[in-house]
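Worksheet for the structure shown next.
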Amino acid sequence: MIRTKLVDQECELKSILALQAANLRRNLAEEEAAREGFLTAEYELDYLRRMNQSEPSVVAVDGDRIVGYALAATQAIRHGNPLLADLFRQIDPLDFRGKLLREVPYVVVGQLCIAKGYRGIGLVGQIYGHFRRSMQGRYQCAVTDVARSNVRSLKAHWKMGFRTIHSISFDGLEWEVVLWNWNDSELSDSVGS
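Numbering-wise, the sequence shown is residues 908 to 1100 according to the numbering used here.
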């Protein structure tokens, strides 16, 4: 049985890194990346520790194996990674219900990954449901960016209730900045439960 939980052990961070490495775009054949999705950001263990100390990430565990995760990135660690630093910089001036996002408590999804063989069985909803339940009292929304060429990931995020609010270019790719409003009762009652 697969369960979700907050990361609370060093070995879980190391398992996240192994799953990340297996799904980095540079480590996948072009056809597989297009079909299965891919990751672009590569985090170091020290940075994952800092991320997790600021706000624990969520993992999906099958037995003793990490089979999926969603990394939480907060304002406190925004400058530890170039991709995240640029994302925060571009998110801050965007509009959220008549306010600049920098004036609204939000958390960035630093990365979402599901292991091959576990995709398409509802783990995105299970992980994001836990992510939201564990953070909703402190944040009004979650924001992330997804490469336009990562169609599988975009569809999964839209299905969860994320909505495109902006587009950016970074590292030679075009990205959709997507936001999941946790105060939207229409969406809140139907996804991640």
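In this text, a Cβ means the ideal position worked out from N, Cα and C, and glycines have one as well.
Which two residues bound the contiguous beta strand (DSSP E) that contains residue i?
{"i": "Trp1082", "result": "1080-1088"}
{"i": "Ala1054", "result": "1048-1054"}
{"i": "His1073", "result": "1070-1077"}
{"i": "Arg956", "result": "No beta strand (DSSP E) contains Arg956, which is instead part of the alpha helix (DSSP H) from 952-961."}
{"i": "Gly975", "result": "972-980"}
{"i": "Asp969", "result": "965-969"}
{"i": "Tyr1013", "result": "1013-1021"}
{"i": "Arg910", "result": "909-913"}
Could one say the Cβ of residue i lies closer than 8 angstroms to chain B's Cβ atoms, at least one of them?
{"i": "Glu1083", "result": "Although the question refers to chain B, the structure presented lacks it and comprises just one protein chain."}
Beta carbon of residue i, beta carbon of residue j: below 8 angstroms?
{"i": "Met1042", "j": "Glu962", "result": "yes"}
{"i": "Gly975", "j": "Cys1020", "result": "yes"}
{"i": "Arg1055", "j": "Gly944", "result": "no"}
{"i": "Ala928", "j": "Asn934", "result": "yes"}
{"i": "Leu990", "j": "Met958", "result": "no"}
{"i": "Leu946", "j": "Leu931", "result": "yes"}
Taking the alpha carbon of residue i as the reference point, which residue from the options has its own alpha carbon closest?
{"i": "Gly1017", "options": "Gln997, Ile973, Asp1052, Glu1081", "result": "Asp1052"}
{"i": "Val1015", "options": "Ile1075, Ala1054, Leu1030, Val1084", "result": "Val1084"}
{"i": "Glu917", "options": "Arg1004, Gly1044, Leu955", "result": "Leu955"}
{"i": "Ile984", "options": "Gln960, Arg910, Lys1066, Arg1055", "result": "Gln960"}
{"i": "Ile909", "options": "Gly970, Ala929, Arg932", "result": "Gly970"}
{"i": "Gly1029", "options": "Met1067, Val1050, Leu946, Leu913", "result": "Met1067"}
{"i": "Trp1089", "options": "Thr1071, Phe1077, Arg1045", "result": "Arg1045"}
{"i": "Ala1063", "options": "Trp1087, Asp1078, Asp993", "result": "Trp1087"}
{"i": "Val1050", "options": "His1073, Lys1023, Gly987", "result": "His1073"}
{"i": "Leu1001", "options": "Asp1078, Val914, Thr1071", "result": "Thr1071"}
{"i": "Val914", "options": "Leu946, Phe1069, Glu939, Ile973", "result": "Ile973"}
{"i": "Thr911", "options": "Asp1078, Arg1040, Ile1075, Leu1061", "result": "Arg1040"}
{"i": "Gly1032", "options": "Asn1057, Arg1004, Trp1065, Gly1024", "result": "Trp1065"}
{"i": "Ser1076", "options": "Asp993, Gly1027, Gly987, Phe1069", "result": "Asp993"}
{"i": "Glu939", "options": "Lys1023, Lys1006, Phe1003", "result": "Lys1023"}
Which stretch, first to last residue, makes up the alpha helix (DSSP H) that contains residue i?
{"i": "Arg996", "result": "989-998"}
{"i": "Glu919", "result": "917-930"}
{"i": "Phe1038", "result": "1030-1042"}
{"i": "Ala941", "result": "937-943"}
{"i": "Arg933", "result": "From DSSP, Arg933 is part of no alpha helix (DSSP H); its letter is neither H nor E."}
{"i": "Leu1061", "result": "1058-1067"}
Taking contact to mean 3 or more Cβ pairs, one atom from each stretch, closer than 8 angstroms, check whether the region 996-1012 and the region 966-978 are in contact.
no
Take every Cβ of the region 987-1005, pair it with every Cβ of the region 1020-1038, and state whether three or more of those distances are shorter than 8 angstroms.
Taking one beta carbon from each stretch, the region 987-1005 and the region 1020-1038 have fewer than 3 pairs nearer than 8 angstroms; the two do not touch.
Within 8 angstroms, do at least three Cβ pairs link the region 945-962 to the region 917-929?
yes
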